[in-house]
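> In my numbering, the protein residues as written are 10 to 228. Just passing along the structure, written as structure tokens.
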């Protein structure tokens, strides 16, 4: 098992419960899609799955590492080695150009594969923007840069937060096909989204709706 969440609950201010006893399992080469409107706890679910946030209760295990028993530095070490992330807010560095942003995960590991980065940008139809500043990009272009950055160094677990919210139908399919290729290579993909188009284009192995703090399997 790649990722396991058991009985995970999370509240804010000790009052507002956003997750209530969530159970989730994800294997290598599998896509789990979680759908739900804004404010239902989807991002919180990803933050806890990655160890960026701690649950109030429950257990989170990634590749045998029980994140809920680790300190922040230990969780960060596991995350750096095993997890890549497509953030809803992109989290791009404005003082770097497109290519430099995409190459960041590789630089953190002391290696650079510019050819792979450029090929990803080409697949995502932004190769011509490689040396442009981030500030000059549209929201859809920024989203595709964030996707390229997450895929340039494939890891065991890919977490994606609303990865297609700024894309038209054709590019939703383009991104879905690229994500499916990464998964076929052995990565496990957990996606949370408000975008119902992903269910058709991404062809997830499992789909659930997050409502009332609980995951409900979709038919």
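All C-beta atoms in this analysis are idealised placements derived from N, C-alpha and C, irrespective of residue type, glycine included.
Residue 194: which of 174, 169, 160, 216 sits nearest, CA to CA?
It is 160 whose Cα lies nearest to the Cα of residue 194.
> Give every residue of the same chain whose Cβ lies closer than 8 Å to the Cβ of residue 79, excluding the five residues on either side of it in the sequence, and list them in chain order.
60, 87
> Could I get the ranges of all uninterrupted beta strand (DSSP E) runs contained in the segment 154-212, with 3 residues as the minimum, in chain order?
166-170, 197-202
> Using the three-state DSSP reduction, which class does residue 70 fall into: helix, strand or coil?
strand
> Could you tell me the alpha carbon to alpha carbon distance between residue 162 and residue 187, rounded to whole angstroms?
14 Å
> Tell me whether residue 131 sits in a helix, a strand or coil according to DSSP, three-state version.
helix
> So who's on the other strand from residue 106, going by DSSP bridges?
142
> In or out: residue 114 buried (at least 16 other Cβ within 10 Å) or exposed?
buried
> Classify residue 92 as helix, strand or coil using the three-state DSSP reduction.
strand
> Secondary structure at residue 49, three-state DSSP: helix, strand or coil?
coil
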